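What follows is a single structure, written as structure tokens, with notes after it.
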Amino acid sequence: MTHAGFIGLGSQGAPMAQRVLDAGLPLTLWARRPSSLEPFAGTKAQLADSPAELAAACDVVGVCVVSGADVEQVVLGESGVLAGLRPGAVLAVHSTVHPDTCRRLGALAAERGAHVVDAPVSGGGPAASEGKLLVMVGGESEALERCRPVFETYANPVVHLGPLGAGQVTKLLNNVLFTANFGIAASALALGERLGVAPERLAEVAGHGSAASFALGRLAASGCDPTLFGSRAGGLLSKDVGLMAALTDGSPAESVLVEARAALERMSVPRPGEKE
Numbered sequence: 025m026t027h028a029g030f031i032g033l034g035s036q037g038a039p040m041a042q043r044v045l046d047a048g049l050p051l052t053l054w055a056r057r058p059s060s061l062e063p064f065a066g067t068k069a070q071l072a073d074s075p076a077e078l079a080a081a082c083d084v085v086g087v088c089v090v091s092g093a094d095v096e097q098v099v100l101g102e103s104g105v106l107a108g109l110r111p112g113a114v115l116a117v118h119s120t121v122h123p124d125t126c127r128r129l130g131a132l133a134a135e136r137g138a139h140v141v142d143a144p145v146s147g148g149g150p151a152a153s154e155g156k157l158l159v160m161v162g163g164e165s166e167a168l169e170r171c172r173p174v175f176e177t178y179a180n181p182v183v184h185l186g187p188l189g190a191g192q193v194t195k196l197l198n199n200v201l202f203t204a205n206f207g208i209a210a211s212a213l214a215l216g217e218r219l220g221v222a223p224e225r226l227a228e229v230a231g232h233g234s235a236a237s238f239a240l241g242r243l244a245a246s247g248c249d250p251t252l253f254g255s256r257a258g259g260l261l262s263k264d265v266g267l268m269a270a271l272t273d274g275s276p277a278e279s280v281l282v283e284a285r286a287a288l289e290r291m292s293v294p295r296p297g298e299k300e
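One rule links them: number in our numbering = place in the sequence shown (from 1) + 24.
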């Protein structure tokens, strides 16, 4: 059986790890905060004293932390994942980070005869608990197949998008497009209000018509207040818009980025690189 390791037991990572455990796969955990391990007390999950110790025991190591800096913190260094990763083992980066971060880690892993796949996810904790996350994978087909027994415990579908980095590019485009759609929906509701139609009523009608979208639904669920949604999710969206801007050298010609930046303003979220 594939022995899985997992690092990053937050609101999304914890249910992912629980699904692995519930499927009966051997599981080893490590966390930067001991409190993150408390939900797994009394289970069959094994605990490691360091990321390197975890990696030495595992065939597939999933990392689901917030940022690229967080990924590098747990993967690099004398006690990091790469220090213990066995030949043939796979590091799966579930975090949403710059594609080049995964490519650099892939080159380092190759020196040890190991592999990296970038495997960002979409759906959040509820989808993870139901085994319905979307996993967007970049990397070698062989490496993905080694990960599949683990991925399929918490994800459906698992989509292979191309070489290492392709998963991250896809996830960033997905989030930038969502942000742009959210901003356009907010603009439409604001225009309707100026013309005498209550935002809540317009959102209800549009949500049942041809203008329906996931972004409009999130806006409606936030009481048609983009700043309320921004207070919860704006920081992560701003990070991803910034990463996509970096991939395009900050080109202002990409209309989806223009709309996404405008949406961040509607959410009262600082643009990437700005501070409050």
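Built from N, CA and C at the ideal position, the CB exists for glycine as well.
Just so it is clear, the structure is predicted and the values come from calculations on it, not from any experiment.
Counted within 10 angstroms of its Cβ, other Cβ atoms place residue 142 as buried (16 or more) or exposed: buried
Neighbourhood of residue 268 by C-beta, 6 angstroms cutoff - its chain only, sequence neighbours within 5 removed: 196 and 200
Collapsed DSSP secondary structure at residue 109 in the structure displayed: coil
8 angstroms Cβ shell around residue 24 - same chain, five flanking residues per side excluded: This structure cannot speak to residue 24, because the chain is shown only from 25 to 300.
Segment contact, 8 angstroms Cβ cut-off, at least three pairs: the region 145 to 155 with the region 34 to 46: yes
Nearest candidate by alpha-carbon position, reference residue 160, set 168, 154 and 153: 168
Beta-carbon spacing of residue 115, residue 85 below 7 angstroms: yes
Neighbourhood of residue 157 by C-beta distance below 6 angstroms, restricted to the same chain and skipping five residues each side: 145, 147, 151, 178 and 179
Spatial neighbours of residue 45 in its chain, beta-carbon cut-off 7 angstroms, leaving aside the 5 residues before and after: 51, 67, 68 and 69
The region 210 to 222 touching the region 180 to 196, judged by at least three CB pairs closer than 8 angstroms: no
Cα-Cα separation, residue 243 to residue 78: 41 angstroms
Reduced DSSP category for residue 89 - H, G, I as helix; E, B as strand; rest coil: coil
Three-state class that DSSP yields for residue 181 in the structure shown: strand
For residue 67, three-class secondary structure by DSSP: coil
Which listed residue (80, 127 and 198) has its alpha carbon closest to that of residue 7: The requested residue 7 does not occur in the structure, where the chain is confined to residues 25 to 300.
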